[in-house]
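Peer 1: Numbering (this note's numbering), first residue to last: 9 to 147.
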Amino acid sequence: YKLFSTTLKAINRPDLTARITVFTVVLNILLNLTLVATIGILGAAVATAVAFVGHTLLHGYYVRDQIPFEFPVRDIVWVVVSSAVMPGGLGTIYTVLPVETVPELVGFVTLGVGIYGATLLVRKSTREVVLDLLAQLTA
(Lines of atoms letter the chains of each structure in order from A; the text may use other names.)
(Lines give C-alpha, C1' and ligand atoms only; values in the text may rest on other atoms or scores of the structure.)
Protein backbone atom coordinates (compact mmCIF):
# COMPACT_ATOMS: atom_id res chain seq x y z
CA TYR A 9 0.00 0.00 0.00
CA LYS A 10 2.90 2.35 0.68
CA LEU A 11 3.80 2.62 -2.99
CA PHE A 12 0.18 3.43 -3.87
CA SER A 13 -0.14 5.93 -1.05
CA THR A 14 3.07 7.70 -2.04
CA THR A 15 1.95 7.75 -5.68
CA LEU A 16 -1.34 9.41 -4.77
CA LYS A 17 0.51 12.04 -2.77
CA ALA A 18 3.00 12.58 -5.61
CA ILE A 19 0.20 13.30 -8.09
CA ASN A 20 -1.29 15.78 -5.63
CA ARG A 21 -4.18 13.57 -4.47
CA PRO A 22 -3.54 13.22 -0.72
CA ASP A 23 -7.30 13.68 -0.29
CA LEU A 24 -7.84 10.18 -1.65
CA THR A 25 -5.29 8.73 0.77
CA ALA A 26 -7.00 10.51 3.66
CA ARG A 27 -10.44 9.21 2.64
CA ILE A 28 -9.13 5.66 2.32
CA THR A 29 -7.45 5.86 5.71
CA VAL A 30 -10.58 7.17 7.45
CA PHE A 31 -12.70 4.47 5.80
CA THR A 32 -10.35 1.63 6.78
CA VAL A 33 -9.89 2.88 10.35
CA VAL A 34 -13.68 2.92 10.79
CA LEU A 35 -13.91 -0.51 9.13
CA ASN A 36 -11.20 -1.88 11.44
CA ILE A 37 -12.94 -0.51 14.55
CA LEU A 38 -16.32 -1.92 13.53
CA LEU A 39 -14.84 -5.31 12.65
CA ASN A 40 -12.89 -5.38 15.93
CA LEU A 41 -16.00 -4.60 17.96
CA THR A 42 -17.91 -7.35 16.19
CA LEU A 43 -15.26 -10.03 15.87
CA VAL A 44 -13.50 -9.65 19.22
CA ALA A 45 -16.89 -9.99 20.94
CA THR A 46 -17.65 -13.18 19.01
CA ILE A 47 -14.30 -14.97 18.56
CA GLY A 48 -11.96 -13.25 21.00
CA ILE A 49 -8.41 -12.10 20.29
CA LEU A 50 -8.43 -13.91 16.96
CA GLY A 51 -11.14 -11.45 15.91
CA ALA A 52 -8.66 -8.60 16.26
CA ALA A 53 -6.26 -10.36 13.88
CA VAL A 54 -9.00 -11.05 11.35
CA ALA A 55 -10.35 -7.49 11.58
CA THR A 56 -6.92 -5.97 11.07
CA ALA A 57 -6.11 -8.29 8.16
CA VAL A 58 -9.41 -7.52 6.40
CA ALA A 59 -9.03 -3.76 6.96
CA PHE A 60 -5.42 -3.76 5.71
CA VAL A 61 -6.31 -5.71 2.58
CA GLY A 62 -9.15 -3.28 1.91
CA HIS A 63 -6.80 -0.36 2.53
CA THR A 64 -4.31 -1.68 0.00
CA LEU A 65 -6.94 -2.54 -2.62
CA LEU A 66 -8.55 0.89 -2.36
CA HIS A 67 -5.19 2.59 -2.79
CA GLY A 68 -4.50 0.44 -5.83
CA TYR A 69 -7.91 1.19 -7.28
CA TYR A 70 -7.46 4.96 -6.97
CA VAL A 71 -3.92 4.92 -8.35
CA ARG A 72 -5.09 2.90 -11.33
CA ASP A 73 -7.97 5.32 -11.78
CA GLN A 74 -5.53 8.25 -11.88
CA ILE A 75 -2.64 6.60 -13.77
CA PRO A 76 -3.42 3.76 -16.20
CA PHE A 77 -1.08 0.80 -15.66
CA GLU A 78 -1.12 -2.97 -15.66
CA PHE A 79 -2.28 -4.11 -12.22
CA PRO A 80 -0.72 -7.37 -10.93
CA VAL A 81 -4.07 -8.97 -10.12
CA ARG A 82 -2.76 -12.52 -9.66
CA ASP A 83 -0.08 -11.35 -7.24
CA ILE A 84 -2.62 -9.34 -5.25
CA VAL A 85 -5.08 -12.23 -5.17
CA TRP A 86 -2.35 -14.55 -3.87
CA VAL A 87 -1.49 -12.11 -1.08
CA VAL A 88 -5.19 -11.92 -0.18
CA VAL A 89 -5.43 -15.73 -0.15
CA SER A 90 -2.33 -15.92 2.06
CA SER A 91 -3.83 -13.30 4.36
CA ALA A 92 -6.98 -15.40 4.67
CA VAL A 93 -5.14 -18.68 5.26
CA MET A 94 -3.14 -17.24 8.17
CA PRO A 95 -6.07 -16.39 10.49
CA GLY A 96 -7.82 -19.59 9.44
CA GLY A 97 -4.79 -21.63 10.45
CA LEU A 98 -4.34 -19.70 13.67
CA GLY A 99 -8.04 -20.08 14.48
CA THR A 100 -7.80 -23.83 14.11
CA ILE A 101 -4.72 -23.98 16.32
CA TYR A 102 -6.29 -21.62 18.86
CA THR A 103 -9.20 -24.01 19.40
CA VAL A 104 -6.72 -26.67 20.52
CA LEU A 105 -4.06 -24.47 22.17
CA PRO A 106 -5.58 -21.28 23.61
CA VAL A 107 -3.22 -18.35 24.17
CA GLU A 108 -3.08 -17.37 27.82
CA THR A 109 0.35 -15.83 28.45
CA VAL A 110 2.58 -13.26 26.76
CA PRO A 111 5.17 -15.85 25.64
CA GLU A 112 2.34 -17.95 24.15
CA LEU A 113 1.07 -14.84 22.36
CA VAL A 114 4.55 -14.15 20.94
CA GLY A 115 4.72 -17.75 19.78
CA PHE A 116 1.24 -17.48 18.28
CA VAL A 117 2.15 -14.32 16.35
CA THR A 118 5.39 -15.95 15.16
CA LEU A 119 3.43 -18.95 14.01
CA GLY A 120 1.08 -16.61 12.11
CA VAL A 121 4.06 -15.05 10.33
CA GLY A 122 5.29 -18.53 9.44
CA ILE A 123 1.90 -19.61 8.08
CA TYR A 124 1.59 -16.42 6.03
CA GLY A 125 5.13 -16.70 4.65
CA ALA A 126 4.77 -20.38 3.83
CA THR A 127 1.49 -19.74 2.04
CA LEU A 128 3.07 -16.95 0.00
CA LEU A 129 5.93 -19.26 -0.98
CA VAL A 130 3.60 -21.94 -2.34
CA ARG A 131 3.26 -19.82 -5.49
CA LYS A 132 6.15 -20.48 -7.86
CA SER A 133 6.61 -16.87 -9.04
CA THR A 134 6.80 -15.64 -5.44
CA ARG A 135 9.36 -18.32 -4.58
CA GLU A 136 11.46 -17.30 -7.60
CA VAL A 137 11.46 -13.64 -6.53
CA VAL A 138 12.46 -14.58 -2.98
CA LEU A 139 15.22 -16.90 -4.21
CA ASP A 140 16.54 -14.20 -6.56
CA LEU A 141 16.61 -11.68 -3.71
CA LEU A 142 18.40 -14.15 -1.46
CA ALA A 143 20.92 -14.84 -4.21
CA GLN A 144 21.58 -11.11 -4.59
CA LEU A 145 22.01 -10.71 -0.84
CA THR A 146 24.48 -13.57 -0.58
CA ALA A 147 26.46 -12.67 -3.72
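Glycine is no exception: its CB is placed at the ideal position from the N, C-alpha and C atoms.
Specify the secondary structure class of residue 51 as computed by DSSP and reduced to three states.
Peer 2: The answer is helix: DSSP assigns residue 51 an H, G or I state.
Peer 1: Taking the continuous alpha helix (DSSP H) assigned at residue 82, which residues delimit it?
Peer 2: 81-104
Peer 1: Assign residue 22 to buried or exposed, taking buried as 16 or more other Cβ atoms, counted over all protein chains shown, within 10 Å of its Cβ.
Peer 2: exposed
Peer 1: Start and end of the alpha helix (DSSP H) containing residue 12?
Peer 2: 10-18
Peer 1: According to DSSP, simplified to helix, strand and coil, what is residue 37?
Peer 2: helix
Peer 1: Would you say residue 94 and residue 123 are within 8 Å of each other, going by their C-beta atoms?
Peer 2: Using a Cβ distance threshold of 8 Å, residue 94 and residue 123 count as a contacting pair.
Peer 1: In angstroms, rounded to a whole number, what distance separates the CA positions of residue 147 and residue 118?
Peer 2: Distance between the alpha carbons of residue 147 and residue 118 is about 28 Å.
Peer 1: Assuming residue 32 contacts residue 59 under a Cβ cut-off of 8 Å, what Cβ separation, rounded to an integer in Å, is found between them?
Peer 2: 5 Å
Peer 1: Give a yes or no on whether the C-beta atoms belonging to residue 35 and residue 62 are separated by under 8 Å.
Peer 2: yes
Peer 1: Between residue 57 and residue 91, which are expected to be in contact by the criterion C-beta below 8 Å, what is the C-beta distance as a whole number of angstroms?
Peer 2: 5 Å
Peer 1: Let me confirm a value: residue 138 is counted as buried when at least 16 other C-beta atoms fall within 10 Å, else exposed. Which label applies?
Peer 2: exposed
Peer 1: Quick one: Cα of residue 113 to Cα of residue 10, how far?
Peer 2: 28 Å
Peer 1: Tell me which residues share the same chain as residue 134 and place their Cβ nearer than 6 Å to its Cβ, disregarding the 5 neighbours each side in the sequence.
Peer 2: 128
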